[in-house]
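Counting from 25, one number per residue, gives the positions in the sequence shown under our numbering.
Beta carbons are placed, not taken as given, at the ideal position from N, Cα and C, and that holds for glycine.
Before any comments, here is the structure.
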Amino acid sequence: MAALQPPAAGLEAPDTLPHAAAAISAEASGLGGTYSVTLIATSLPEPVNSPEIAAAAANPASDLGTFSTIVTTSTATAARYLRESSDEDLSVCAGTAAAMRIAAEVASTCPTALGPAVNWQAGAWRAQVDHLGGAGPALRATKLVMAWLATHALPASTAGGLVAISVPGTRAAGAAVTAVVVWAHGSDIYQVRAAGSALSALSLAVAMAPWARRS
């Protein structure tokens, strides 16, 4: 985080880091108002942005997640950015949505250009689980995410947020689940991306806290 210069007032970082077999190193950038850190599993701790980290990052399994703070000029701009993120990260229904109940949650499922999706509201947050190329909704991942959301508090947000989970339904769709969590707080946007588990990005997101508190 110290490499992100000049530091912005709203910077956040996780209080706890993902598990890694050996060490966790980082690639960091702070350009154009976007401050981003990618956590990479390495065999030894490496300086920020060292060539060894770039080499380790070539292995997708080494990517432990990325967290970002995006500084905007106002709460209205942040809210607009969040709406635009929803358009990019949440698939649009390409057919009629059907209501469904999963455990205690009321949700809906619909076809999209990528595959069947399950959509629901988690308080002020929009949540979606996409089954890329799948024959039906990814119910196992959906139930896992719903159960997790029922027992964990999402980050504070002044304009809601989104949770988008993509589950490969075919070999061509990839081998790993990917997830993105985006929310707005005041004039700042926070974003976490991770792969490997439906809960990986969510776990990183709830660990986020103001960096100034610990520096």
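Coil, strand or helix - residue i by DSSP
i, result
"residue 25", "coil"
"residue 51", "strand"
"residue 92", "strand"
"residue 109", "helix"
"residue 84", "helix"
"residue 194", "coil"
"residue 101", "helix"
"residue 239", "Reliability of the predicted coordinates at residue 239 is poor, the pLDDT of 46 falling under 50, and no value is obtained from them."
"residue 127", "coil"
"residue 200", "coil"
"residue 79", "helix"
"residue 233", "strand"
"residue 119", "coil"
"residue 132", "strand"
"residue 184", "coil"
Continuous beta strand (DSSP E) stretch holding residue i: start and end
i, result
"residue 37", "36-38"
"residue 168", "It is not in any beta strand (DSSP E) - residue 168 instead sits in the alpha helix (DSSP H) that spans 163-175."
"residue 72", "Looking at the DSSP string, residue 72 is not in any beta strand (DSSP E), and its letter there is neither H nor E."
"residue 142", "140-146"
"residue 66", "58-66"
"residue 114", "No beta strand (DSSP E) holds residue 114; DSSP gives it neither H nor E."
"residue 8", "Nothing about residue 8 can be reported from this structure: the residues present for the chain run from 25 to 239 only."
Residue i burial status per 10 Å Cβ neighbour count (16 or more: buried)
i, result
"residue 55", "exposed"
"residue 29", "exposed"
"residue 192", "buried"
"residue 51", "buried"
"residue 98", "exposed"
"residue 145", "exposed"
"residue 130", "exposed"
"residue 218", "buried"
"residue 140", "buried"
"residue 84", "exposed"
"residue 169", "buried"
"residue 239", "The pLDDT assigned to residue 239 is 46, lower than 50, so where the model puts this residue is not dependable; a value taken from the coordinates is nonetheless given after this. By the 10 Å Cβ count, residue 239 comes out exposed."
"residue 36", "buried"
"residue 113", "buried"
Below-8 Å beta-carbon distance, residue i vs any chain B residue
i, result
"residue 79", "The structure shown contains no chain B, having only a single protein chain."
Range of the contiguous alpha helix (DSSP H) that encloses residue i
i, result
"residue 225", "224-230"
Residue(s) in a DSSP beta bridge with residue i
i, result
"residue 213", "94, 208"
So, does the region 71-82 touch the region 152-162, judging by three or more C-beta pairs under 8 Å? no
Under 8 Å: do the region 198-207 and the region 62-75 share three or more Cβ pairs, one atom per stretch? no
Three CB pairs or more closer than 8 Å across the region 182-190 and the region 205-224: yes
Inspect the CB distances between the region 104-123 and the region 228-236 and report whether three or more fall short of 8 Å. no
State whether the region 55-64 contacts the region 172-182, with contact taken as three or more CB pairs (one from each stretch) at a distance under 8 Å. no
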